[in-house]
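This report concerns only the one structure given below.
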Amino acid sequence: MPLKRKAQKASIDISSIVKRDFSYLARNPDSDNRPLWIDPDKGYIILERFHPLADLATDFLVTIAEPQSRPAFLHEYKITSHSLYAAVSVGLNGEDIINTLDKFLKTELPQTIRDFIRSCTKSFGKVKLVLKDNKYFVESGDADVLQTLLKDNIIGPLRVNGSGEDITTTRAPALGVLVIPGTKNAAGVQQADLPQTADKESGQIEAVLDDYDKDDEKEAVHAFEIPDSAVETVQKRCLDLSYPILEEYDFRYDNVNPDLDIDLRPNIQIRSYQEKSLSKMFGNGRAKSGIIVLPCGAGKTLVGITAACTIRKGVIVLCTSSVSAVQWRNEFLKWSNINPGDITTFTSDSKERFSGRTGVIVTTYSMVTNSRERAHGSKKMMDFLSGREWGLMLLDEVHVVPANMFRRVVSSIKTHSKLGLTATLLREDDKIDHLNFLIGPKLYEANWMELSQQGHIAKVQCAEVWCSMPTVFYEQYLQVSSRMKRTLAAINPSKFQACQFLINYHEARGDKIIVFSDELYSLKLYAYKLKRYLIYGGTSQEERLRVLDHFRHSPKVNTLFLSKIGDTSLDLPEATCLIQISSQFGSRRQEAQRLGRILRAKRRNDEGFNAFFYSLVSKDTSEMHFASKRQAFLIDQGYAFKVITKLHGIEKTPDLAFCTAVEQRELLQGTLVDNETAVDDDCEADDLWGGDGKKSNGSGTKGKVKRVAGYLDQLSGVQDMAYIERDTSANKGLKRKKGEKNEFFKKVDRENKRRKNT
Numbered sequence: 001m002p003l004k005r006k007a008q009k010a011s012i013d014i015s016s017i018v019k020r021d022f023s024y025l026a027r028n029p030d031s032d033n034r035p036l037w038i039d040p041d042k043g044y045i046i047l048e049r050f051h052p053l054a055d056l057a058t059d060f061l062v063t064i065a066e067p068q069s070r071p072a073f074l075h076e077y078k079i080t081s082h083s084l085y086a087a088v089s090v091g092l093n094g095e096d097i098i099n100t101l102d103k104f105l106k107t108e109l110p111q112t113i114r115d116f117i118r119s120c121t122k123s124f125g126k127v128k129l130v131l132k133d134n135k136y137f138v139e140s141g142d143a144d145v146l147q148t149l150l151k152d153n154i155i156g157p158l159r160v161n162g163s164g165e166d167i168t169t170t171r172a173p174a175l176g177v178l179v180i181p182g183t184k185n186a187a188g189v190q191q192a193d194l195p196q197t198a199d200k201e202s203g204q205i206e207a208v209l210d211d212y213d214k215d216d217e218k219e220a221v222h223a224f225e226i227p228d229s230a231v232e233t234v235q236k237r238c239l240d241l242s243y244p245i246l247e248e249y250d251f252r253y254d255n256v257n258p259d260l261d262i263d264l265r266p267n268i269q270i271r272s273y274q275e276k277s278l279s280k281m282f283g284n285g286r287a288k289s290g291i292i293v294l295p296c297g298a299g300k301t302l303v304g305i306t307a308a309c310t311i312r313k314g315v316i317v318l319c320t321s322s323v324s325a326v327q328w329r330n331e332f333l334k335w336s337n338i339n340p341g342d343i344t345t346f347t348s349d350s351k352e353r354f355s356g357r358t359g360v361i362v363t364t365y366s367m368v369t370n371s372r373e374r375a376h377g378s379k380k381m382m383d384f385l386s387g388r389e390w391g392l393m394l395l396d397e398v399h400v401v402p403a404n405m406f407r408r409v410v411s412s413i414k415t416h417s418k419l420g421l422t423a424t425l426l427r428e429d430d431k432i433d434h435l436n437f438l439i440g441p442k443l444y445e446a447n448w449m450e451l452s453q454q455g456h457i458a459k460v461q462c463a464e465v466w467c468s469m470p471t472v473f474y475e476q477y478l479q480v481s482s483r484m485k486r487t488l489a490a491i492n493p494s495k496f497q498a499c500q501f502l503i504n505y506h507e508a509r510g511d512k513i514i515v516f517s518d519e520l521y522s523l524k525l526y527a528y529k530l531k532r533y534l535i536y537g538g539t540s541q542e543e544r545l546r547v548l549d550h551f552r553h554s555p556k557v558n559t560l561f562l563s564k565i566g567d568t569s570l571d572l573p574e575a576t577c578l579i580q581i582s583s584q585f586g587s588r589r590q591e592a593q594r595l596g597r598i599l600r601a602k603r604r605n606d607e608g609f610n611a612f613f614y615s616l617v618s619k620d621t622s623e624m625h626f627a628s629k630r631q632a633f634l635i636d637q638g639y640a641f642k643v644i645t646k647l648h649g650i651e652k653t654p655d656l657a658f659c660t661a662v663e664q665r666e667l668l669q670g671t672l673v674d675n676e677t678a679v680d681d682d683c684e685a686d687d688l689w690g691g692d693g694k695k696s697n698g699s700g701t702k703g704k705v706k707r708v709a710g711y712l713d714q715l716s717g718v719q720d721m722a723y724i725e726r727d728t729s730a731n732k733g734l735k736r737k738k739g740e741k742n743e744f745f746k747k748v749d750r751e752n753k754r755r756k757n758t
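Per UniProt numbering: the sequence shown ends with 758, consecutive numbering throughout.
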């Protein structure tokens, strides 16, 4: 007789499986028509991206909150004091933020969030840092606020004693119209003839900005002077006192600094998201200091050049390398009508000033922050940079600025406004928040997936390829030092074969491939074995430029191996495939920067994905853990990583490397020999000799004799040694042919020939 099971009603505690339960919040009657949810405890806001009002809500949220995660259907934002600081910097106030949230939220805005917004915004925007006559002044429309700052035990002693007055009072200049070059409003029309203002937020936000501007025209300004060396200290202290300093530059009424003759070329029109980012900077007719975050390949350089064309004063551009400095200068000449004599570079190879009264100087962070004894030419150039006022400072890859050696740039060079540009506002330390007082608030951050769908950047398929490690490799992996572990994980034969297969596959498709490796040993091994071109720190500048030029233009050079020097500021728009064989631990920023090498919009219009990103990971090693950490930022941007455990058809690859156990053992032994200085001294002795794990050094117990089975060929004593073939780099094939003359001598020959003919 079958047993009958008595039905029982399951009792499940929802709180045990749901991390954030907000069912207790009362919903508005028309909640289905509203796109936002809110976490009352932490200030997180969830946006339904599929909602009809999602676009309006997104524009508002980007202004007042920090994007945390933006996949396809649900976006997550967080209201922070820094995001509210940025909102105030573009003209919003607390009550307008609260009222707009009330209109978009499905539930009532919690009182705790209301209080937080009011407490943050009541003091934000009241203090400004202004540069006048090469001197810094702290300004405010409220004299009581300045008195509060002067009574502070840190800021008070830093005030410069001038005529004896604590605070000077002047009238704030009136605002006028402003058109950003390259926008629809500026197309084909002279700026002075246009009655329109720059593009602003729609609806309520636009009205708020108008009111803010009108109020700003009427207010009196009170100020006190501080020394140059105290700028960073005062900015940080004001932030701690909840009076974050805004930096605004009324460049149109600056009659002291000469104007720069620069404008965008007539046929240039910037994209909508570039225009929106610049409208945040010039929203009230003045130039606000801050940071603009755009993905790699989305035109950050053009945004900076457009800002320079809008301000039209002296510009200093700071880059991470001399190669990027040359690229910036070329981009200025490409997109603007600036006189070539008005833009120069200050690097180790070039130390020229511009020809006119003002101009553009492109230099590197290291050139400006060098604390060692300078050459005469460099010292004169630094005195020139620090002895004058600059209208705009452009900081490329601004996430490097919080580093101790680079942050001196901000105070050593006097500039009215600063614009930081980056694709990844990330650091693995806690110093990224320092940018809020070193540079300014984040003015705009673009949505990567949205730009990809609109065709402004490439559509990328991301994949993580798991590569099993042969037994002989894994046994050694468990015994060696942590540094040697990284090397063995990088030269894993299975990973090498996967890399070889992917290179052959994508070269056959017509792709241009970049292979990245942080491990220099593995980088050279891969490049030499596969006979491909490579660039690393030891490659000369001339050879780098030659290899890059061939990669860009030659159909015969389709694969390039790069060390981490190629992570940033490298313009390779032709690249469509990226393979990563070694990386810098769990760095999210490096992962995003490397993806950016292939993000530039592609010429070909393939359906679906038109760029590919592969991360090769050795299974059961520390690479697995670091890979998941590295992908966190890209996943938050909406990218999905497909896991590949087997590459179909890899066994059919012609001349597949390291197929046999003998080849793999030779590779392992060769690697250990080349890296023997990094191997721990206490590693176990070879099993053949029956060692006990201690090295023979003439002390301790006597060595024991042990009978072992073996082969006659082992009597030579070299069975564990490896034959290492030192391959030559493929780069040598790109060098000038024998007998080919230098361009200088070619020019001399032409001149001599011309004289003979005359």
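Just so you know, even glycine gets a beta-carbon here, dropped at the ideal spot from N, CA and C. Everything numeric in this text was worked out from a predicted model, so none of it was measured.
Tell me whether the beta-carbon of residue i lies closer than 8 Å to the beta-carbon of residue j.
i	j	result
Asp259	Lys313	yes
Leu425	Ile514	no
Phe332	Ile338	yes
Ala65	Phe104	no
Leu178	Phe282	yes
Thr645	Gln500	no
Ala601	Ala423	no
Pro295	Leu599	yes
Cys467	Lys619	yes
Leu572	Phe551	yes
Lys414	Ser378	no
Asp511	Thr471	no
Glu591	Phe658	no
Lys128	Ile245	yes
Thr363	Ala403	no
Got a sec? Which residues, its chain only, sit under 6 Å from residue i by beta carbon, not counting five neighbours each side?
i	result
Phe516	Leu562, Gln580 and Arg594
Thr621	Ala489
Leu443	Lys280, Met281, Gly290 and Ile292
Ala149	The amino acid at residue 149 is misidentified as Ala; the sequence shows Leu. Within the same chain, Leu149 has close Cβ partners Ile155.
Gln327	Asp571
Ile205	Because the pLDDT at Ile205 is just 47, under 50, the model does not fix this residue reliably, and the value given afterwards should be weighed accordingly. Around Ile205: no qualifying Cβ.
Tyr273	Ala446
Glu623	Ala489 and Val617
Thr701	Unreliable placement is indicated for Thr701, whose pLDDT of 43 sits below 50; the coordinate value is still reported in the next sentence. Result list for Thr701: empty, nothing under 6 Å.
CB-CB under 7 Å to residue i, same chain, minus the five flanking residues each way: which ones, in chain order?
i	result
Arg271	Gly299 and His456
Tyr365	Leu318, Thr320, Val400, Phe406 and Val409
Gln584	Asp518, Lys564 and Gln590
Asp383	none
Which partner residues of residue i appear in the DSSP bridge assignment?
i	result
Cys577	Ile513 and Phe612
Gln461	Phe612
residue 769	The structure shown does not extend to residue 769, since the chain is modelled only from 1 to 758, so the question has no answer here.
Trp390	Thr415
Ala287	Tyr249
Tyr77	Ile45 and Pro67
Ile361	Ile316 and Thr344
Just confirm the distance between the C-beta atoms of residue i and residue j, as a whole number of angstroms; I'd bet it's less than 8 Å.
i	j	result
Val460	Phe613	5 Å
Thr306	Leu264	6 Å
Arg159	Ile226	6 Å
Ala223	Val138	6 Å
Leu47	His82	No, Leu47 and His82 are not in contact; Cβ-Cβ is about 20 Å, not under 8 Å.
Ile491	Thr660	16 Å between Cβ atoms; not a contact.
Leu394	Val315	7 Å
Lys629	Arg588	7 Å
Leu656	Gln497	6 Å
Lys288	Glu232	Wrong, their Cβ atoms sit about 19 Å apart, outside the cutoff.
Ser322	Val368	Not a contact, Cβ separation roughly 13 Å.
Leu61	Ile38	That belief does not hold up - the Cβ atoms of Leu61 and Ile38 are roughly 11 Å apart, past 8 Å.
So, for residue i: in the same chain, excluding its five sequence neighbours on each side, which residues have a beta-carbon less than 8 Å away from its beta-carbon?
i	result
Lys122	Gly94
Arg750	none
Gly440	Ser89, Leu246, Glu247, Lys288, Ser289, Gly290, Ile291, Lys418 and Gly420
Problem - Contact between the region 437 to 452 and the region 636 to 653 (3+ Cβ pairs under 8 Å) - result: yes
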